[in-house]
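K.L.:
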Amino acid sequence: MEIAIISGKGGTGKSSISAAFATLTSNVVLADCDVDAANLYLIFNPTHSEEQVYIAGQKAVIDYSVCSNCGLCVNYCRFNAIHFKSEKVEIDEISCDGCQLCSRICPESAITMVNNDRSRMYSGTFRNGQMVYGRLAPGEENSGKLVNMVREKAKILAKENSIKNIIIDGPPGIGCAVISSITGVNHVVIVTEPTISGLHDLKRTLEVVSKFNLKAWVIINKYDLNTDMSSQIELHCSELGVSLAGKLPFDSAVVDAMVNCKSIIEWSPNSLVAKEIENIFRRILNEFA
Amino acid sequence: MTKSNSIRIAIASGKGGTGKTLISTSLFYTLQNNNQEVTLVDCDAEEPNDMLYFSGINEKSIDVTQRVPVIDESKCTYCGKCHDYCSYKAIFILPQSKIIKVMDDLCHGCGACTVACKFDAITEKSVLLGEVSCYNISSNSKIIESRTRIGVYSPVPIIKSAISEAKNQGIILMDSPPGTSCPFIQTVAQANYVILVTEPTPFGLSDLKQSVETLKTMGKPYGVIVNRAGLGNNQIYSYFKEEGIALLMEIPFDREIASIYSKGLIIAHQKPELQLELLNVLNIILAQHGNSNN
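The listed protein sequences correspond, in order, to chains W and G. For what it's worth, the working numbering labels the leading residue of the first sequence as 1, then goes sequentially. For what it's worth, the working numbering labels the leading residue of the second sequence as 1001, then goes sequentially.
(1) Would you tell me roughly how many angstroms separate the C-alpha atoms of residue 95 of chain W and residue 1267 of chain G, rounded to the nearest one?
(2) Taking the continuous beta strand (DSSP E) assigned at residue 1061 of chain G, which residues delimit it?
(3) Relative to the C-alpha of residue 138 of chain W, which residue among G:1173, G:1147, G:1118, G:1188 is closest?
(4) Can you confirm whether residue 1175 of chain G, when its beta carbon is compared against all beta carbons of chain W, has any partner nearer than 8 Å?
(5) I want to verify the contact list: residues of chain G whose CB lies under 7 Å from the CB of residue 172 of chain W, in sequence order.
(6) Spatial neighbours of residue 1030 of chain G within its chain, please: CB distance less than 7 Å, with the 5 preceding and 5 following residues excluded, ordered by chain position.
(7) What residues of chain W sit near residue 1252 of chain G, judged by a beta carbon separation below 8 Å?
(8) Just checking, does the stretch 191 to 201 of chain W make contact with the stretch 225 to 237 of chain W on the three C-beta pairs under 8 Å criterion?
(9) Strictly under 8 Å for the Cβ-Cβ distance: is residue 1186 of chain G near chain W by that measure?
(10) Within the present structure, is the beta-carbon of residue 1150 of chain G separated from the nearest heavy atom of the ligand SAH by less than 7 Å?
(11) Grouping DSSP H, G and I as helix and E and B as strand, with all else coil, what is residue 40 of chain W?
(12) Within 8 Å, do at least three Cβ pairs link the stretch 1190 to 1202 of chain G to the stretch 18 to 38 of chain W?
(13) Tell me whether the beta-carbon of residue 951 of chain G lies closer than 8 Å to the beta-carbon of residue 1067 of chain G.
(14) When we look at the beta-carbon of residue 967 of chain G and count the other beta-carbons within 10 Å, is it buried (16 or more) or exposed?
(15) Let me check understanding here. Comparing Cα to Cα, which of W:68, W:66, W:62 lies closest to residue 81 of chain W?
(16) Does the beta carbon of residue 1231 of chain G come closer than 8 Å to any beta carbon on chain W?
(17) Do residue 1102 of chain G and residue 1155 of chain G count as a contact pair if the criterion is CB distance below 8 Å?
(18) Can you tell which of G:1122, G:1041, G:1047 has its C-alpha closest to the C-alpha of residue 1071 of chain G?
(19) Three or more C-beta pairs under 8 Å: does that hold for the stretch 214 to 229 of chain W against the stretch 196 to 205 of chain W?
(20) Can you give me, in chain order, the residues of the stretch 20 to 49 of chain W that have a beta carbon less than 7 Å from any beta carbon in chain G?
(21) So which residues of chain W does residue 1008 of chain G contact, with C-beta pairs closer than 9 Å?
(22) Label residue 140 of chain W either buried or exposed according to how many other C-beta atoms from any shown protein chain fall within 10 Å of its C-beta, with 16 as the threshold for buried.
(23) Report the three-state DSSP secondary structure of residue 1204 of chain G (helix, strand or coil).
(24) Mark residue 1057 of chain G as exposed unless 16 or more other C-beta atoms lie within 10 angstroms of its C-beta, in which case mark it buried.
(25) Using C-beta distances below 6 Å, list every residue in its chain close to residue 198 of chain W, excluding the 5 sequence neighbours before and after it, in chain order.
(26) What are the start and end residues of each continuous alpha helix (DSSP H) run of 4 or more residues lying completely inside the stretch 196 to 247 of chain W, in chain order?
(27) Please go through the same chain and pick out, in chain order, the residues whose beta-carbon is closer than 6 Å to the beta-carbon of residue 269 of chain W, but skip the five residues on each side of it.
(28) For the stretch 1170 to 1200 of chain G, list the alpha helix (DSSP H) runs that are entirely contained and at least 4 residues long, ordered along the chain.
(29) How far does the alpha helix (DSSP H) with residue 144 of chain W in it extend, from its first residue to its last?
(30) So residue 1226 of chain G and residue 1200 of chain G are in contact, right, with Cβ under 8 Å, and what is the actual spacing, rounded?
(31) Along the stretch 57 to 82 of chain W, where does the CB come closer than 9 Å to a CB of chain G? Name the residues.
(32) As a quick exercise: from W:44, W:12, W:29, W:30, pick the residue whose alpha carbon is nearest that of residue 259 of chain W.
(33) What residues of chain G sit near residue 258 of chain W, judged by a beta carbon separation below 9 Å?
(34) Return the CA-CA distance between residue 118 of chain W and residue 225 of chain W, expressed in angstroms with no decimal places.
(35) Just checking: is the beta-carbon of residue 121 of chain W within a distance shorter than 8 Å of some beta-carbon in chain G?
(36) Kindly indicate the opening and closing residues of the beta strand (DSSP E) around residue 76 of chain W.
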């Protein structure tokens, strides 16, 4: 079974809750799909048994010894990535989308495509099972495809090691990486916080989840920072028929746990937060059984 | 600060939820309050939040669209050249069964298939990606919001369109999307200066390092604001020292701030002492990087 933890708004506590879930079962596959800002390895310090290169698309490069400066590519490029700069054709690496059209239409064959090959996927073991995580090189696109690669690897590891549950720590937002993180999972757990931004972002996230017909659960993290807003979120969920998995109080022990490279379950197993996360996890698992 | 000052400042962070929007809204409010000409561009098109904190008159809204191919099957010979030209695997083809299909979601609108087709079988339609809305907040302040349509894969075209709506006048603040991938790069590429907002936790530090490395490669000047100071540990400060990173300001961890913010109120309005600190940060940035041409 795959459980994906996402949030819409960043910093609501996805990774802390994913880490807690991962330490509630003795054998689990943990897939860190926040490939832009992978953080769970900081807590679990997994082994690097395997490293794989991920090709995040391509970039066009001009060979100036061949280029006749005709400017045809400038006219064809729809990403506004090619310009005349001091009478020379130049490709802006940041705007280039890697579509390859310029390279195909160049009469001098002066443009070649170069792979963006600085992104990586790592896998190995950690104290509670197997772990896979992706690291997208800064500025590289197609993070959704790297997420797919991480999830595929996680499934293989689950099968090889007869592990039942895969925990997916997803990225913030609602774009391609989020869509890739939740497509086909058994449960989507959305972590929100009782702020006006939290509610706004939750609404958009729930729209995405419903578009893909997935079972969604909502956790209100730090609910006691604003109990009115927390009630509004609960109301919104019940109006949409979305299950509230639970509410967690603010506790600085969650940050202390992170600083000490532990999940809250490991760091402070008897705290209210730890107990409630355990209840939430059982609730989700039971629902499925 | 004089009226001739024009600068684009991006407010960014690798890690989400560190306080980009808190800083952006407070900076915007402070400048507005000091009669400075200011534009805030909400570049977090997946989850735009800035307009939750202000009200204003919607001056105009622009649909951001992308071109997607439409294949005329009466002209198509199923030669497969469009499929070969597509770098995004957006054209599915089974020549033997005479099946060809465009997967709109995967298309980036590059136009390569149109160039590839020698049978005049491909035309293009417009698909809505999102919206850019411009709001007048006061006589000399406005907010430009980018917003993706639900289910759209990449916010980049909408972000670019929103930034291009900002006239090069006064101070332009850009509330950036989280992460260090394309949406972040597209935003900070347009900035003269980047304020990185972080928190003193291991996650905050790890993501900050990645943002710093990215900005270094891009050659962008930057400084850091630490939010929720007092939470977590001191590692981040050692990192600033090692790297010679400018610490612009610290906002202490405070349940009152969290509570004000949660209600959709602006911190700099509720805590006016913050305005002086923010103006001070801005003056430092302007002194070093103001009037620079992009």
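All C-beta atoms, glycine included, are put in the ideal place defined by N, C-alpha and C.
P.N.:
The answer reads as follows:
(1) Looking at the two C-alpha atoms, the distance is approximately 36 Å.
(2) 1057 to 1071
(3) G:1188
(4) no
(5) The contacting residues are 1016, 1178.
(6) 1268, 1275, 1278, 1279
(7) Per Cβ cutoff of 8 Å: no residues; residue 1252 of chain G is ~13 Å from chain W at best.
(8) yes
(9) yes
(10) The model on display carries no ligand, and the ligand SAH is accordingly not part of it.
(11) helix
(12) no
(13) Because chain G here runs from 1001 to 1294, residue 951 of chain G falls outside it and cannot be looked at.
(14) This structure cannot speak to residue 967 of chain G, because chain G is shown only from 1001 to 1294.
(15) Distance from the Cα of residue 81 of chain W is smallest, within the candidate group W:68, W:66, W:62, for W:62.
(16) yes
(17) Using a Cβ distance threshold of 8 Å, residue 1155 of chain G and residue 1102 of chain G do not count as a contacting pair.
(18) G:1122
(19) Counting Cβ pairs under 8 Å, three or more are found: they touch.
(20) 36, 37, 39, 42
(21) Residues of chain W passing the Cβ test: none, with the nearest at roughly 15 Å.
(22) buried
(23) helix
(24) exposed
(25) Only 9, 192 meet the Cβ criterion.
(26) Here the runs fully enclosed are 196 to 211, 227 to 240.
(27) none
(28) Uninterrupted alpha helix (DSSP H) stretches at least 4 residues long and entirely within the stretch 1170 to 1200 of chain G occur at 1182 to 1188, given in chain order.
(29) 143 to 160
(30) 6 Å
(31) 57, 58, 76, 77, 78, 79, 80
(32) W:44
(33) 1201, 1202, 1203, 1232
(34) If you take the alpha carbons of residue 118 of chain W and residue 225 of chain W, they lie about 41 Å apart.
(35) Residue-level contact check: residue 121 of chain W does not touch chain G, since none of the beta carbons of chain G fall below 8 Å from its beta carbon.
(36) Where residue 76 of chain W is concerned, there is no enclosing beta strand (DSSP E), although the alpha helix (DSSP H) it sits in stretches over 72 to 76.
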